[in-house]
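Participant:
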Ligand code: GUN
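Residue numbers (the working numbering): -10 to 249.
Rendered as structure tokens:
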């Protein structure tokens, strides 16, 4: 099933789940930045919520807001019984410490899964795992290579794959090309999230049975491009656009419904 098909099917199921609830779940999205990527994400999240019958509000604040003011708003949301879950859209403007903000969100309402005490997982890795399961991709004992070590994707992705007993290797900007080549050649699953357009290309060799998950979002005048060239000779490669972005959005709704 393509990601688009999978997301459509799963949304129908979630719509029924929301309709069966006595109280309409309520999500709040806090946004301070004005970058195009964030605006696109936020629009997508609001659209998904509306489709599913979830109440979603956008609290948009000026980029000039101070950390203290943002912490005050977060405290209000933590104590607002009408709000089931909320996220603070990343990245945050300079001068606001993202770690401080992540720790300020109550773990009980942290649908981003960013707080160390949150019972939920970050949306991108969780969405990817859900899709791999739906596609019956074997994980146990398989060679999984995660390229990129960000806090939002690379690190939590490695953790989730490890939890399901994959042999996990995390590669990054300091990895030598020759090593990159050797790891990729032997990989059953490659998750790439480095923000380098078309980094995975024909310089590398792939197992024909490999699954490549492309988390890259690189924008140029021709549109959106992944971290991998399209059409690699593998079993399954997720497209960009119409790939992991949709899984991330779906996982946010799933996370909210796990809370409420
Ligand atoms: N920016 C990019 N991805 C995400 C995400 O999953 N959550 C939040 N809050 N910000 C993001």
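Glycine included, every Cβ here is placed at the ideal spot set by N, Cα and C.
1) Where do the N-terminal and C-terminal ends of the beta strand (DSSP E) with residue 20 fall, by residue?
2) Suppose you measure from the CA of residue 82 to the CA of residue 22; what does that come to, to the nearest Å?
3) For residue 48, which three-state DSSP category applies?
4) Please determine whether the Cβ atom of residue 54 lies at a distance below 7 Å from any heavy atom of the ligand GUN.
5) For residue 226, which residues from the same chain have a beta carbon less than 6 Å from its beta carbon, with the 5 sequence-adjacent residues on both sides left out?
6) For residue 101, verify whether its CB is less than 7 Å away from any heavy atom of the ligand GUN.
7) On the DSSP bridge assignment, give the partners of residue 226 in chain order.
8) I'd like to check one pair, residue 102 with residue 244: are the Cβ atoms closer than 8 Å?
9) Going by the beta-carbon positions, is the gap between residue 214 and residue 186 smaller than 8 Å?
10) What are the boundary residues of the beta strand (DSSP E) that includes residue 156?
11) What are the start and end residues of the beta strand (DSSP E) that includes residue 213?
12) Grouping DSSP H, G and I as helix and E and B as strand, with all else coil, what is residue 101?
13) Identify whether residue 208 lies in helix, strand or coil by the three-state DSSP scheme.
14) Mind reading off the beta-carbon distance from residue 43 to residue 7? Whole number of angstroms is fine, and I expect it under 8 Å.
15) Cβ of residue 115 versus every heavy atom of the ligand GUN: is any distance shorter than 7 Å?
16) Whole angstroms is fine: what's the gap from residue 219's alpha carbon to residue 147's?
17) Does the contact criterion of 3 or more C-beta pairs under 8 Å hold for the segment 57 to 66 versus the segment -5 to 3?
18) For residue 226, verify whether its CB is less than 7 Å away from any heavy atom of the ligand GUN.
19) Quick check: the Cα distance between residue 50 and residue 20, rounded to an integer number of angstroms?
20) When you compare each of 55, 57, 16 and 40 to residue 71 by their alpha carbons, which one comes out closest?
21) Does the beta-carbon of residue 218, which I'm using as the reference point, lie nearer than 7 Å to any heavy atom of the ligand GUN?
22) Since residue 134 and residue 173 are thought to touch, with beta carbons under 8 Å apart, how far apart are those beta carbons, to the nearest angstrom?
Facilitator: Judging by the given coordinates:
1) 15 to 20
2) Here the alpha carbon of residue 82 sits roughly 6 Å from the alpha carbon of residue 22.
3) strand
4) No, Cβ of residue 54 sits at least 7 Å from all heavy atoms of the ligand GUN.
5) Scanning its chain for C-beta atoms nearer than 6 Å, with the 5 sequence neighbours on each side dropped, one finds around residue 226 the residues 201, in chain order.
6) yes
7) 201
8) yes
9) yes
10) 156 to 160
11) 212 to 214
12) The answer is coil: DSSP assigns residue 101 none of H, G, I, E or B.
13) strand
14) 6 Å
15) no
16) 24 Å
17) Segments in contact, no.
18) no
19) 6 Å
20) Answer by Cα proximity: 16.
21) no
22) 6 Å
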